[in-house]
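Asks: Let me begin by handing over the structure; questions about it come next.
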């Protein structure tokens with residue numbers, strides 16, 4: 001069978017990947033892509049016709065259909081942190097313009113910025129633990145946005161019909177990969193109206209309005225934290241972050257753990273119990289929730305207080321050296337309910353750094 005021009009390079013890439021895997025069997029796809037100087041999406045696309053099917057990116061119907069797979073594990077990550085949560089993909093909604101999506105079940109809780117979602121694949125690969133089935137979504141830069149894995153409790157019988165229903169007519173490995181957008185550069189502090197920023201901060205009624213506050217004043221997040229004043233934001237030593245998680249586990253203080261990238265935010269609400277260091281990674285290894293944090297990557301850690309109609313809401317926010325948000329921690333709560341006293345006591349217990 002003659003190969004299309006697009007298939008030949010993809011096949012070469014697949015062979016290069018397999019050679020790399022033979023040398024390093026535990027190398028993850030994300031790291032293999034970096035080693036081979038391609039995007040992870042291109043790496044996955046090279047498997048088409050072998051163990052992978054390209055699906056139609058029809059998010060408004062595909063996302064609700066994932067509920068048919070039953071009990072799954074969803075994975076969302078950024079460069080420094082991986083968030084894995086098990087549960088059922090239900091209570092899915094997509095905005096009329098197709099730009100935003102929500103999954104708000106008690107176990108799987110997602111904020112989906114679908115305008116940046118580009119390609120999606122179904123992968124079925126053999127592993128040491130048996131057949132691993134997943135739906136993998138990538139953005140226009142070929143970076144993984146969100147993945148959904150079947151578990152031993154999933155409805156495996158629903159897998160093949162789902163693939164058949166959403167299978168793309170053209171199983172092409174060709175991807176229109178765009179360069180990374182330029183990183184948002186902070187304005188000089190002198191150009192930010194600090195008094196107006198603080199006034200707007202003090203007038204917040206909902207934590208969800210914080211992003212709009214930053215936009216209004218043209219401040220990037222870490223800059224706003226620096227300028228807000230100690231009433232609202234205090235720097236902490238990065239080593240305090242694992243300590244907070246360990247103490248929350250010991251005291252059984254339920255948390256909300258937010259991890260995201262530009263196109264997806266994934267949230268765990270509940271306790272953290274099985275906490276473990278593995279080399280420089282700090283991990284939560286609970287039955288339904290796993291977190292893998294590259295601890296040395298935390299360059300800045302802030303205790304942040306935001307007023308709301310439910311009272312002051314306290315969070316811990318960790319950033320990397322580029323000012324990118326790695327992970328956010330809140331006390332578990334629902335809208336309309338004040339912050340938990342045990343969380344606030346814990347969040348306020350770490351000493352702030354001197355400026």
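In UniProt numbering, the protein residues as written are 1 to 355. In this text, a Cβ means the ideal position worked out from N, Cα and C, and glycines have one as well.
1. Do residue 116 and residue 42 have their beta-carbon atoms positioned less than 8 Å apart in this structure?
2. Give the straight-line distance between the Cα atoms of residue 137 and residue 148, rounded to the nearest whole angstrom.
3. Cα-Cα, which of 64, 49, 50 and 77 is closest to residue 325?
4. Is it a yes or a no for the stretch 291-300 touching the stretch 308-322, going by three-plus beta-carbon pairs under 8 Å?
5. Based on Cα-Cα distance, which residue from 173, 179 and 328 lies nearest to residue 221?
6. By alpha-carbon positions, which one of 237, 215, 242 and 251 ends up nearest to residue 281?
7. Using a C-beta cutoff of 8 Å, does residue 212 count as contacting chain D?
8. Applying the 10 Å Cβ sphere with the 16-neighbour rule, what's the burial state of residue 178?
9. With which residues is residue 283 paired in a DSSP beta bridge?
10. Output yes or no for whether 8 Å exceeds the beta carbon distance between residue 55 and residue 62.
11. Indicate whether the contact test is met: 3 or more Cβ pairs, each with one atom in the stretch 86-96 and one in the stretch 264-284, closer than 8 Å.
12. Would you call the stretch 241-259 and the stretch 213-232 touching, i.e. three or more CB-CB distances under 8 Å?
13. Sort out for me which residues DSSP pairs residue 234 with in a bridge.
14. Could you pull the start and end residues of the alpha helix (DSSP H) that residue 252 belongs to?
15. Just mark residue 211 as buried or exposed, buried being the case when its beta carbon has 16 or more other beta carbons within 10 Å.
16. Please state whether the Cβ-Cβ distance between residue 256 and residue 347 is less than 8 Å.
17. Where in the UniProt domain "Haemin-degrading HemS/ChuX" (38-166) do unbroken runs of the alpha helix (DSSP H), each at least 4 residues long, occur, reported from the N-terminal end onward?
18. Which residue comes first and which comes last in the beta strand (DSSP E) that contains residue 317?
19. Taking the continuous alpha helix (DSSP H) assigned at residue 223, which residues delimit it?
20. Would residue 352 pass as a contact of residue 236 if the rule is Cβ separation under 8 Å?
21. Where do the N-terminal and C-terminal ends of the alpha helix (DSSP H) with residue 329 fall, by residue?
22. So, at 8 Å on beta carbons, what are the nonlocal neighbours of residue 204 in its own chain, with the 5 sequence-adjacent residues on each side left out?
23. Given this structure, state the Cα-to-Cα distance separating residue 190 from residue 140, to the nearest angstrom.
24. Determine the direct distance from the alpha carbon of residue 144 to that of residue 40, and round the result to whole angstroms.
Replies: A quick look at the data gives this:
1. no
2. 9 Å
3. The residue with the shortest Cα to Cα distance from residue 325 is 77.
4. Yes, the stretch 291-300 is in contact with the stretch 308-322.
5. 328
6. 242
7. No chain D is present in this structure, which holds just one protein chain.
8. exposed
9. 276 and 292
10. Yes, Cβ-Cβ distance for residue 55 and residue 62 is below 8 Å.
11. no
12. no
13. Answer by DSSP bridge pairing, in chain order: 303.
14. From DSSP, residue 252 is part of no alpha helix (DSSP H); its letter is neither H nor E.
15. That one is exposed.
16. no
17. 40-45, 59-65 and 159-166
18. From DSSP, the beta strand (DSSP E) with residue 317 extends over 313-319.
19. 221-227
20. yes
21. Counting along the chain, residue 329 falls outside any alpha helix (DSSP H), though it belongs to the beta strand (DSSP E) covering 325-331.
22. 210, 213, 306, 307 and 308
23. Spanning the two alpha carbons is a distance of roughly 35 Å.
24. 7 Å
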